[in-house]
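Down below is the structure, laid out as structure tokens.
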Amino acid sequence: MATENEHNSAGRFFENVGRSAVHGIEEVGNGGVMVLESLYWTIFGYRLKQPVRMNAVIEQMMEIGITAIPIIAMLGGAISVTLAIQGIHTLRIFGAESHVTAGLAFVVVREFAPMITGILVAGRSGSALAARIGTMKINQEIDALKVMGINPIRYLVAPPLIAMVIMVPCLTIMSAGVGLFLAGVYINVELGISLSAYLDQVIDILKVDDVAQGLSKSCIYAVEIAVIGVVNGAGVRGGAEGVGKATTRSVVQAISAIIVTAMIVVIMSTV
Amino acid sequence: MSEQDIVMEDRSAAQSVPPSVIEVEDLVTHYGEREILKGVTMEVREGEIMVIMGGSGSGKSTLLRHLMALEQKTSGTMTILGQNIDDLNMQEFTDLRKKLGVAFQGGALFSSLTVGENVMLPLYEHTGLDRKTMEIMARMKMEVVELGGFEDLMPAELSGGMIKRAAFARAVVMDPRILFCDEPSAGLDPAVASALDELILNLRDAMGMSIVVVTHELDSAFKIADRITILDRGHILMIGTVDEVKSSTNERIYNLLNRVPDGENLDPDEYLARLTGEESGVGNQPL
Ligand SMILES: Nc1ncnc2c1ncn2[C@@H]1O[C@H](COP(=O)(O)OP(=O)(O)OP(=O)(O)O)[C@@H](O)[C@H]1O
Ligand SMILES: [Mg+2]
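Keeping their order, the protein sequence lines are chains A and B. Counting from 1 along the first sequence, just add 1165 to a position and that's the residue number in the working numbering. Counting from 1 along the second sequence, just add 5 to a position and that's the residue number in the working numbering.
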């Protein structure tokens, strides 16, 4: 009797694992389809008389980008200054604190500016997107769109996706700029290196490659945030509680995706 | 339930039968593993009001969603306005959908748009009209549902009955060929409910729309229906006119009409599955 029970629960466990795995793959697949479909509507929408509305994109850009400027500038600055402090502290052991600029410039432009921007956008806008789509799903608003012959991907997904892909890199540039500037101010105070000398150094060290890597990563983050928000929102079941869960899940997934992507990219680009 | 109990419509009627706008044949559908509709065959005729009735959980809303082609069916064929929906490409499908309108149970108005913008949305998305013209057309429909003057309110500022009426206005703003309504009068006070019934009758009479209505309210059903489809646990129990339904001797139909509690209504396996949350979604998945 007991063994049969164990057998059952083990079977059930593997069944559940299998089901989650299938579900996960399905979600990634859904996400991919969503991106392609958004691209399709962006390019061919006009010809099909179903354009992606410019004003919807701009509205999303305001919401995702403009309103996020203060917080991203602040946290981008805080992270860079922290890195400068840590860097000087560490390099002082080797008497090399004047080299702090090199490490700082690389790591801010390549990693931290995109990452901190991505995380904040995921928390602010990815979650909002999941909540919005989820609420619309349970209120049958998405069904209503479908019956009206309005493609939900074009109407609901493409605008925030486009807005994210435009705004996250912009915010990243701003975050890196503010961060490097504030770090420079700190370095100026701490090490007596003048701001202009510091900036020359930064510009000297940074190559197009570094900037390109930071920006392309931020584009990937943008797509990840948007897709994860939409997939979770569209998967909502069971009322307001479901929306809450989906929202939380979307933030956790998006941040995980961002960090894992960062790791994959850094491994691929340095090995 | 034996086959003989199913009362089929009388096809030998003298007057010619109008062409059908929706034809469903042997429709079988699943939610996950569970079979919901178990071989449904029916049609909706041009210019008729078809009321779908049945016990709770019998599959009425599910059938309605399939009639609007919102769900993936397991098997069977469906023809909407003469087009087999399996044969349509995306563009044809979109064009077909422009000829359908739906008023969902909860209204499904877009909460970020005003009521007026909600009603105008299909025009905005599908016609090249200028804004003034669209506003006039939207206002006309708002007048029809007696919501004139409420264009600038947000849906959250409307009462339940007003939301339903606004949803009607939005559903008919493109003058659809077929209108679908899920429980139009549920939760409304009798006066508003009967006004909605009148509205449905008017839409058929004035615009010749074919209308499919899911409802629990017997009075309302008998008042508006040209024909009634009775669903029972995923099967069609009967399709017939109001008189045919009223005079049916089928026990289950009798129970439904006379509100006799029906212990069998819920399949125990289904109930258990629901209790153990077999199909609860998001919450159960690890990250
Ligand atoms: N999204 C869904 N996922 C899984 N099962 C569902 C879903 N929607 C409905 N069902 C199941 O399908 C069956 C039929 O549901 P449906 O909503 O069509 O019933 P109904 O006749 O409209 O009932 P009611 O009168 O209570 O609205 C029910 O057993 C229900 O549990
Ligand atoms: Mg229902």
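Each residue gets a CB set at the ideal place from its N, CA and C atoms; glycine is no exception. These numbers were taken from a predicted model, which means no experiment stands behind them.
### Task
Please list the partners that Asn1304 (chain A) has in chain B, where partner means a Cβ-to-Cβ separation under 7 Å.
Gly111, Ala113
### Distance between Lys1382 (chain A) and Arg1275 (chain A) (C-alpha atoms, nearest Å)
8 Å
### Beta-carbon contacts of Ile183 (chain B) that lie in its chain and below 6 Å, excluding the five residues immediately before and after
Val26, Leu105, Ser215
### Task
For Val197 (chain B), I'd like the list of residues in its chain whose CB is within less than 6 Å of its CB, leaving aside the five on either flank, ordered along the chain.
Gly166
### Message
Taking 8 Å as the limit between beta carbons, can you name the residues of its chain near Thr1207 (chain A), skipping five residues before and five after?
### Response
Val1217, Ala1323, Ile1327
### Query
Can you find a heavy atom of ligand 1 that lies under 7 Å from the Cβ of Ser190 (chain B)?
no
### Query
According to the neighbour-count rule (16 or more other Cβ atoms, all chains shown, within 10 Å of its Cβ), is His71 (chain B) buried or exposed?
Around the C-beta of His71 (chain B), 16 or more other C-beta atoms lie within 10 Å, and the residue is accordingly described as buried.
### Task
Measuring alpha carbon to alpha carbon, tell me which of B:Ser80, B:Ser61, B:Pro23 ends up nearest Thr46 (chain B).
B:Ser80
### Task
Could you say which of A:Leu1310, A:Ile1237, A:Ser1421, A:Glu1191 lies nearest to Ala1341 (chain A) if we only look at CA atoms?
Comparing alpha-carbon positions, the option among A:Leu1310, A:Ile1237, A:Ser1421, A:Glu1191 lying closest to Ala1341 (chain A) turns out to be A:Ile1237.
### Task
Decide if Asp31 (chain B) is buried, meaning its Cβ has at least 16 other Cβ atoms within 10 Å, or exposed.
exposed
### Query
Hey, out of B:Phe109, B:Lys78, B:Glu130, B:Asn123, whose CA is closest to Ser100 (chain B)'s CA?
Checking the displayed sequence, the identity of residue 100 (chain B) turns out to be Asp instead of Ser. Ranked by how close their Cα comes to the Cα of Asp100 (chain B), the residues B:Phe109, B:Lys78, B:Glu130, B:Asn123 have B:Glu130 in first place.
### Heavy atom of ligand 2 within 7 Å of Lys228 (chain B) beta-carbon
no
### Task
Under 6 Å Cβ to Cβ from Pro1325 (chain A), same chain only, skipping five residues before and after it: list those, please.
Gln1225, Leu1294, Ala1391
### Query
Hey, would you say Val1265 (chain A) sits closer than 8 Å to Ser1245 (chain A), going by beta carbons?
For Val1265 (chain A) and Ser1245 (chain A), no; Cβs fall outside 8 Å.
### Message
Which residues does DSSP list as the beta-bridge partners of Asn89 (chain B)?
### Response
B:Thr84
### Task
On the DSSP bridge assignment, give the partners of Val56 (chain B) in chain order.
In the DSSP output, where bridge partners are listed per residue, Val56 (chain B) has B:Val218, B:Ile233.
### Query
Is the closest heavy atom of ligand 1 to the C-beta of Ile41 (chain B) under 7 Å?
At a threshold of 7 Å, Ile41 (chain B) counts as near ligand 1, since its beta carbon sits closer than that to one of the ligand's heavy atoms.
### Message
Distance check for Val149 (chain B) and Val178 (chain B), CA to CA, integer angstroms please.
### Response
10 Å
### Query
Apart from the five residues just before and just after Thr320 (chain B), which ones in its own chain have a Cβ nearer than 6 Å to its Cβ?
The structure shown has nothing for residue 320 (chain B), since chain B only spans 6 to 292.
### Query
Should Asn1181 (chain A) go down as buried or exposed, given a rule of 16 or more other Cβ atoms within 10 Å for buried?
exposed
### Message
Any beta carbon of chain B sitting closer than 8 Å to that of Met1226 (chain A)?
### Response
Not one chain B Cβ lies under 8 Å of Met1226 (chain A).
### Task
Using beta-carbon positions only, say whether Asp194 (chain B) and Ser225 (chain B) come within less than 8 Å of one another.
no
### Query
Would you call Thr1412 (chain A) buried or exposed, if buried means 16 or more other Cβ atoms sit within 10 Å of its Cβ?
Buried, because 16 or more other Cβ atoms sit within 10 Å of the Cβ of Thr1412 (chain A).
### Query
Shorter than 8 Å from the beta carbon of Gly1314 (chain A) to some beta carbon of chain B?
Chain B contact via Cβ: present.
### Message
Looking at the secondary structure, which residues open and close the alpha helix (DSSP H) in which Leu1248 (chain A) lies?
### Response
1234-1257
### Query
If we ignore side chains and look at the alpha-carbon of each, how far apart do Glu156 (chain B) and Leu204 (chain B) end up?
19 Å
### Query
Who pairs with Ile27 (chain B) in a beta bridge, going by DSSP?
Paired residue(s): B:Val49, B:Ile85.
### Message
Counting only Cβ pairs nearer than 7 Å, list the residues of chain B close to Leu1213 (chain A).
### Response
Gln96
### Query
What residues of chain A sit near His131 (chain B), judged by a beta carbon separation below 7 Å?
Gly1314
### Query
Do you know whose CA, among A:Leu1347, A:Arg1402, A:Asn1220, A:Ala1221, lies nearest Asn1304 (chain A)'s CA?
A:Arg1402
### Query
According to a CB-to-CB cut-off of less than 8 Å, which residues of the segment 148-169 of chain B neighbour chain A?
Correct list: empty, as no residue qualifies.
### Query
When we look at the beta-carbon of Asn1397 (chain A) and count the other beta-carbons within 10 Å, is it buried (16 or more) or exposed?
With 16 or more Cβ atoms within 10 Å of its Cβ, Asn1397 (chain A) is classed as buried.
### Query
Alpha carbon to alpha carbon, how far is Glu256 (chain B) from Leu69 (chain B)?
One alpha carbon belongs to Glu256 (chain B), the other to Leu69 (chain B), and they sit about 25 Å apart.
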